[in-house]
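Residue numbers (full-length UniProt numbering): 1 to 202. Read the structure below first, then the notes.
What follows is the structure in structure tokens.
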């Protein structure tokens, strides 16, 4: 499939930024890789900052699709066990991070979080905040359906998801280095099993 010059700039910039960081990449380097003149880039983006912003906004939109719509939750949660739901959620996260573009965007966010206010906002609001809010709703419903013990659902969301975030960061680092991920994947499975053993109704 043929992609436009703007898309080439986008994906090549993403590749370079994710490897070297935003500050380590010049407009000249981007245009050389794309195969256009420096002046031609400004027909598509006003600045390097605008390219980065477009990448982050794309990530924001794309990542939001990893969570099912709230209006479908009741049906999903009634059909699935707690274990199968959590495993499916983990599978979606891993699938996103195994995608080459997803890996690069995740890595870029990690690299830029202390330089870019937008990167920090996405990590704190979209990755952490929205995921915890979503899981709080999920655990509230599981309690209503008497599938889990009646603990504070927000605490459950935090206790479950923060180790997942940490282990997925480790997973992404190993993938970047071309190292095996079997051990960290085992840790993720063990985390789910331990968590389920704590919250499931006996």
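Ideal Cβ positions, reconstructed from N, Cα and C, are used throughout, including at glycine. The structure presented is a predicted model; accordingly, all values stated were derived computationally and were not measured.
Inter-residue Cα distance where the pair is residue 133 and residue 20: 33 Å
Original post:
Which stretch, first to last residue, makes up the alpha helix (DSSP H) that contains residue 71?
Top reply: No alpha helix (DSSP H) holds residue 71; DSSP gives it neither H nor E.
**OP:** Could you tell me which residues DSSP pairs with residue 200 in its beta bridges?
**Re:** 148
task: With DSSP as the reference, label residue 43 as helix, strand or coil.
output: coil
Let me know if residue 119 comes out buried or exposed under the rule of 16 or more other beta-carbons within 10 Å of its beta-carbon. buried
Of the choices 75, 25, 69, whose alpha-carbon is the least far from that of residue 207? Residue numbering for the chain in the displayed model covers 1 to 202; residue 207 lies beyond these limits and cannot be assessed.
- Item | Reference residue 78, options 40, 196, 145, closest by Cα | The option with the nearest alpha carbon to residue 78 is 145.
Subject >> residue 149 to residue 193 span [Cα, whole Å] >> reply: 15 Å
Subject >> Whether residue 97 touches residue 152 by CB criterion (7 Å) >> reply: no
CB contact flag (residue 18, residue 104, <7 Å)
yes
Alpha carbon to alpha carbon, how far is residue 4 from residue 81? Give it in angstroms, no decimals.
-> 45 Å
Would the stretch 27-44 count as touching the stretch 105-116 if we require 3 or more Cβ pairs under 8 Å? no
Notebook entry, point to check: Taking the continuous alpha helix (DSSP H) assigned at residue 18, which residues delimit it?
Noted result: 5-20
**Asked** Hey, which unbroken runs of the alpha helix (DSSP H) at 4 residues or more fall wholly within the stretch 79-148?
**Response** 82-98, 100-112, 117-121, 131-144
Discussion item. Taking a contact to mean a Cβ-Cβ separation below 7 Å, would you say residue 55 touches residue 34 in this structure?
Written reply: no
Among 196, 101, 143, whose alpha-carbon lies nearest the alpha-carbon of residue 159? 196
Given a cut-off of 7 Å, decide if residue 27 and residue 6 are closer than it, judged by their beta-carbon atoms.
no
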